[in-house]
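Notes follow the structure.
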Amino acid sequence: MTDAQPTVADAGDRYTITDGGEVAGFTRYVDSGNRRIFFHTEIEDRFAGRGLARTLVERALDHTRGLGMRIVPVCPYVHGYVDRHHDFDDALDPVTPEILEIVRTSQY
340 MTDAQPTVAD AGDRYTITDG GEVAGFTRYV DSGNRRIFFH TEIEDRFAGR
390 GLARTLVERA LDHTRGLGMR IVPVCPYVHG YVDRHHDFDD ALDPVTPEIL
440 EIVRTSQY
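Structure follows, in structure tokens:
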């Protein structure tokens with residue numbers, strides 16, 4: 340473990356979180372128009388319990404809103420986060436059958 344702060348970066352189809360120079364996890368998304376659909380978040384087991392998923396999702400959502408995009412929380416972790424933290428209510432769109440079809444047909 341290191342004292343350096345974890346970093347979050349947009350890698351084009353996911354945001355990654357790096358801690359101590361190692362990729363600790365990611366949250367995947369697919370864009371559709373002005374909507375960024377988050378559909379899967381994962382943190383490596385050896386990094387679990389350190390709050391990295393929360394940091395990752397918070398920064399990814401903040402970046403998405405900063406781009407002027409809408410947030411669609413398909414991923415259970417992202418959905419739970421926005422349910423508990425209302426900082427992003429102004430940028431949320433609902434999960435609809437159309438959204439689920441976009442996720443299903445996206446190449447991931």
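For the sequence shown, the working numbering begins at 340 and goes up steadily by one.
For every residue, glycine included, the Cβ atom is placed at its ideal position computed from N, Cα and C.
Residues of its chain near residue i, where Cβ-Cβ distance is below 6 Å and the 5 sequence neighbours each way are ignored
| i | result |
| --- | --- |
| residue 414 | 377, 378, 379 and 380 |
| residue 357 | 346 |
| residue 348 | 355 |
Identity of the residue in the options nearest residue i by Cα
| i | options | result |
| --- | --- | --- |
| residue 369 | 363, 412, 345 and 421 | 412 |
| residue 427 | 343, 441 and 410 | 410 |
| residue 425 | 442, 401, 438 and 351 | 401 |
| residue 437 | 371, 390, 404 and 407 | 371 |
| residue 390 | 442, 344 and 405 | 344 |
Beta-carbon contacts of residue i that lie in its chain and below 7 Å, excluding the five residues immediately before and after
| i | result |
| --- | --- |
| residue 396 | 366, 380, 416, 417 and 420 |
| residue 445 | 369 |
Outcome for residue i when other beta-carbon atoms lying within 10 angstroms are tallied against a minimum of 16
| i | result |
| --- | --- |
| residue 353 | buried |
| residue 385 | exposed |
| residue 360 | exposed |
| residue 392 | buried |
Rounded distance between the beta-carbons of residue j and residue i, thought under 8 Å
| i | j | result |
| --- | --- | --- |
| residue 399 | residue 383 | With 8 Å as the limit, residue 399 and residue 383 do not qualify as a contact, their Cβ atoms being about 17 Å apart. |
| residue 373 | residue 407 | 7 Å |
| residue 403 | residue 375 | 5 Å |
Sequence-distant residues of the same chain with beta carbon closer than 8 Å to residue i, five excluded per side
| i | result |
| --- | --- |
| residue 431 | 409, 410, 411, 412 and 421 |
In the segment 363 to 431, which residue ranges form an unbroken alpha helix (DSSP H) of at least 4 residues, counting only runs that do not cross its ends? 391 to 405 and 415 to 423
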